[in-house]
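Below is one structure, written out as structure tokens, with a few remarks after it.
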Amino acid sequence: MLLLSAASGAADAFVFLCVGQVFAGVMTGNLVLLGASAAGAGEDGVALKVVVALAAYFCGVAGGALMAGRGFRVPALLWVEVVLLGAAAVLWGLELVTSYGERLGLLALVAVAMGVQGRVRVTPTNYFTGTLTSLAGRVALRELRGGDGWVLGRLVAGAAVAALAERWWSPGAALGAVVMAAGALVLETVPARGRFRPGKGKPRPDRGNPAGAA
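Just so we're aligned, residue 318 is where the sequence shown starts under this note's numbering, counting upward by one.
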């Protein structure tokens, strides 16, 4: 969970900084940007980027749902995500993305990957409003759980890695998301040896997550 959340943060930071003012996984933020663009505010061309991101994310979620429905386990979904993120990292690292259309294609690759990731687990790893709401409630009721300190840290850490890479070595800005997603894949495929694996590795429905269910 920590690695996937960090991968999401890294992917969103990479897209926001390198593709331009949109997100690959946080669709709520993209809808806000779309509304602002419709009112004549925001960066020029952001509406098209948002539409591409929304459509690609939808395709990723739909593809992940179909795979899960046909019996594919979590490692298979993670493989798809890693391949998509890896392709995006190669294209960006080799400086093959030069035109506006190619940037839209790069955005689509990463957004599809985030859509697939959204189907991996019931607990969200690429959006955190509901998670933050639950955390704030537990703080108010003094019912904090072990690991709550990482709820926001895991996303922020991934975004920081991508931002630092973009600043110091721009061709490697997309690598953070690939490495973290690949790490999650490795952990998911190694023998369990006592680790708790809900549902024997099968993606679970969006139970208890109204935003994800919608």
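Glycine residues also receive a C-beta, built at the ideal position from the N, C-alpha and C atoms.
Could you have a look at residue i and say whether DSSP puts it in helix, strand or coil?
| i | result |
| --- | --- |
| N443 | coil |
| E360 | coil |
| L319 | helix |
| L334 | helix |
| A453 | helix |
| F375 | helix |
| G380 | helix |
| G346 | helix |
| G388 | coil |
| G435 | coil |
| L461 | coil |
| A341 | coil |
Please state if the CB of residue j and the CB of residue i are separated by a distance shorter than 9 angstroms.
| i | j | result |
| --- | --- | --- |
| V332 | V367 | no |
| A382 | R436 | yes |
| W596 | C335 | Not covered by the structure: residue 596. The range shown for the chain is 318 to 531. |
| A479 | A498 | no |
| A356 | A494 | no |
Taking the alpha carbon of residue i as the reference point, which residue from the options has its own alpha carbon closest?
| i | options | result |
| --- | --- | --- |
| M431 | A330, Y374, F445 and T506 | Y374 |
| L402 | Q434, M384 and L334 | Q434 |
| L502 | L394, R484 and L351 | L394 |
| A370 | M384, R420 and S487 | R420 |
| C376 | A355, V407 and V429 | V429 |
| T506 | A494, G386 and P392 | P392 |
| G422 | D361, L365 and L504 | L365 |
| A405 | R484, V349, F389 and A341 | A341 |
| A372 | P508, A425 and G489 | A425 |
Return the chain-ordered list of same chain residues with a C-beta closer than 8 angstroms to the C-beta of residue i, the five sequence neighbours on each side being excluded.
| i | result |
| --- | --- |
| V343 | D329, N443 and Y444 |
| L481 | none |
Please go through the same chain and pick out, in chain order, the residues whose beta-carbon is closer than 6 angstroms to the beta-carbon of residue i, but skip the five residues on each side of it.
| i | result |
| --- | --- |
| G525 | Low confidence applies here, because G525 scores a pLDDT of 44, under 50, leaving its location unreliable; read the following figure in that light. Result list for G525: empty, nothing under 6 angstroms. |
| V427 | A328, V332, A341 and A405 |
| P515 | Bear in mind that the predicted position of P515 carries a pLDDT of just 48, short of 50, making it too unreliable to give a figure here. |
Ignore the nearest five residues each way along the sequence and tell me which others in residue i's own chain have a CB closer than 7 angstroms to its CB.
| i | result |
| --- | --- |
| V414 | L408, R420 and L423 |
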